[in-house]
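Numbering-wise (the working numbering), the sequence shown opens with residue 108 and increments by one. Beta carbons: idealized from backbone N, C-alpha and C, even for Gly.
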Amino acid sequence: MDPVLVTGAAGFIGFHVAQRLLKQGRGVIGLDNMNAYYDPTLKEARRIELAKSNNFRFANIDLTDRAAMATLFKEHRFRSVVHLAAQAGVRHSLTDPFAYVDANLVGFATVLEGCRHNGCEHLLFASSSSVYGSNTKMPFSVHDNVDHPLSLYGASKKSNELMSHAYAHLFGLPTTGLRFFTVYGPWGRPDMAMWIFTKAIMSGEPIKLFNKGNMRRDFTYIDDVTEAVVRLVDRPPAGDSNFTGSSPDPGSSSAPWRVYNIGNNRPVELLEVVRLLEEAIGKKAKRELLPMQPGDVPETYADVDDLMRAVSFRPATSIADGISRFVEWYRTYHRR
């Protein structure tokens, strides 16, 4: 089969998506620049796992390298692209905004141009629950307006949705945005809560609980995320015949463009996550209660009805099962 381009293949979600596609017998070109936003050793370990398949080829390319990106697309003329490379992290966007402009805006433009000029039949790309920003109506629905992001990271993901819509409208490029909700699991990121808390509890260090722990997140297990993404790869969107400009639906379009929430549809209190980690690790946590951080929101909660209708699947892994599997992997990876 024609290879699928997976950008960010040495990253958390990209690694799992590439691995699942390889298990299906598909060829995968995995792109990553292996940057040092977090430990490149972990990224290299993921790359080595993927390289065990003869159907995997790795491309060490930065998204902002226009010439290299154009050459890659021209060489392979990918029918399907899963664009998961990005500068992640809400808090980091407060201190290094240009990293988000470069990777998430300029980098996304090179992907769009590559798809446009080389016959791509479906572009899927990572958006984020951060686009909901100051929305308080729960659960978050793709049919709600998302014009009030609270961080540059969220704004960059909203921008990706707008940019992709323009390409879908102008050039007929089928695009699907994936609004991920607090993804966790084996091979996860060291800058995310599950990893940070686990490391701190095992080391006997205090864990920082912002908003004094009064936060709720729609924690979504990586296997569920991967299943949803892989099911969508071969389902490019068509234009919605019911779309009307007089009352535009933010979640659909007359162009071949859609966005989906990829969430567990059941938010969990952060203090419950800590309790489950304590139980899985067998050690009590030291808590440090802190005020809300800039850019954070107190709660996320995904409405996944549209995803269910599109691919007959909704994430369902319980937080207890997911945490147990993550801690087991963490111990194995760190030999603890």
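{"Check": "Closer than 8 Å by C-beta to residue 223: which residues in its own chain qualify, once you throw out the five before and the five after it? Chain order, please.", "Outcome": "274, 278 and 280"}
{"Check": "Report the CB separation of residue 138 from residue 112 in whole angstroms; it is logged as a contact under 8 Å.", "Outcome": "7 Å"}
{"Check": "Do you know how far the Cα of residue 442 is from the Cα of residue 270?", "Outcome": "44 Å"}
{"Check": "Measure from the alpha carbon of residue 328 to the alpha carbon of each residue in 116, 109, 120 and 110, then state which is nearest.", "Outcome": "120"}
{"Check": "Pull up the distance between the alpha-carbon of residue 285 and that of residue 393, whole angstroms please.", "Outcome": "35 Å"}
{"Check": "Buried or exposed for residue 363, please, with buried defined as at least 16 other CB atoms from any protein chain shown within 10 angstroms of its CB.", "Outcome": "buried"}
{"Check": "Look at the Cβ atom of residue 165, then the Cβ atom of residue 153, and state whether they are nearer than 8 Å.", "Outcome": "no"}
{"Check": "Does DSSP put residue 258 in a helix, a strand or coil?", "Outcome": "coil"}
{"Check": "Can you tell me the Cα-Cα spacing of residue 126 and residue 192, whole angstroms?", "Outcome": "16 Å"}
{"Check": "Does the separation of the CB atoms of residue 267 and residue 405 fall below 8 Å?", "Outcome": "no"}
{"Check": "Got a sec? Which residues, its chain only, sit under 8 Å from residue 151 by beta carbon, not counting five neighbours each side?", "Outcome": "117 and 141"}
{"Check": "In chain order, what residues of the same chain have a beta carbon less than 6 Å from the beta carbon of residue 180, not counting five sequence neighbours either side?", "Outcome": "221 and 225"}
{"Check": "Rounded to whole angstroms, what's the CA-CA distance from residue 399 to residue 377? Just pull it up for me.", "Outcome": "13 Å"}
{"Check": "Residue 375 and residue 432: beta carbons closer than 8 Å?", "Outcome": "no"}
{"Check": "With 16 other CB atoms within 10 Å as the buried threshold, where does residue 391 fall?", "Outcome": "exposed"}
{"Check": "Excluding the 5 residues flanking residue 187 on each side, which residues of the same chain have their C-beta closer than 6 Å to its C-beta?", "Outcome": "111, 229 and 340"}
{"Check": "Determine whether the beta carbon atoms of residue 218 and residue 366 lie at a separation below 8 Å.", "Outcome": "no"}
{"Check": "How would you write the range of the beta strand (DSSP E) that residue 395 sits in, first residue to last?", "Outcome": "393 to 396"}
{"Check": "Assuming residue 164 is part of the beta strand (DSSP E), what are its boundary residues?", "Outcome": "163 to 167"}
{"Check": "Between residue 303 and residue 349, what straight-line distance do the alpha-carbon atoms span, to the nearest angstrom?", "Outcome": "46 Å"}
{"Check": "Taking residue 234 as part of the beta strand (DSSP E), name the residues at either end of that continuous run.", "Outcome": "229 to 235"}
{"Check": "When the Cα atoms are used, what is the spatial distance from residue 143 to residue 149?", "Outcome": "10 Å"}
{"Check": "Which residue spans inside the segment 154 to 226 form an unbroken alpha helix (DSSP H) run of at least 4?", "Outcome": "173 to 183, 204 to 207 and 214 to 224"}
{"Check": "Please return the same chain residues whose Cβ sits closer than 7 Å to the Cβ of residue 401, not counting the five positions on each side in sequence.", "Outcome": "201"}
{"Check": "Please say whether residue 409 and residue 205 have beta carbons closer to each other than 8 Å?", "Outcome": "no"}
{"Check": "Three-state secondary structure (DSSP) at residue 294?", "Outcome": "coil"}
{"Check": "Could you check which residue in 252, 307 and 196 has the C-alpha nearest to that of residue 357?", "Outcome": "252"}
{"Check": "Do residue 417 and residue 342 have their C-beta atoms closer together than 8 Å?", "Outcome": "yes"}
{"Check": "Find out if the Cβ-Cβ distance for the pair residue 370, residue 288 is shorter than 8 Å.", "Outcome": "yes"}
{"Check": "Within the continuous alpha helix (DSSP H) that includes residue 127, where are the two ends?", "Outcome": "119 to 130"}
{"Check": "Among the candidates 436, 157, 389 and 382, whose CA atom is the shortest distance from the CA of residue 136?", "Outcome": "157"}
{"Check": "Roughly how many angstroms separate the alpha carbons of residue 124 and residue 162, rounded to a whole number?", "Outcome": "14 Å"}
{"Check": "Enumerate in chain order the residues of its own chain whose CB-to-CB distance from residue 169 is below 7 Å, with the five nearest sequence positions on each side excluded.", "Outcome": "140"}
{"Check": "Output the distance between the C-alpha atoms of residue 385 and residue 361, rounded to the nearest integer angstrom.", "Outcome": "49 Å"}
{"Check": "Buried or exposed: residue 312, going by 16 or more other Cβ atoms within 10 Å of its Cβ?", "Outcome": "exposed"}
{"Check": "Sort out for me which residues DSSP pairs residue 379 with in a bridge.", "Outcome": "Answer by DSSP bridge pairing: none, since residue 379 is not bridged."}
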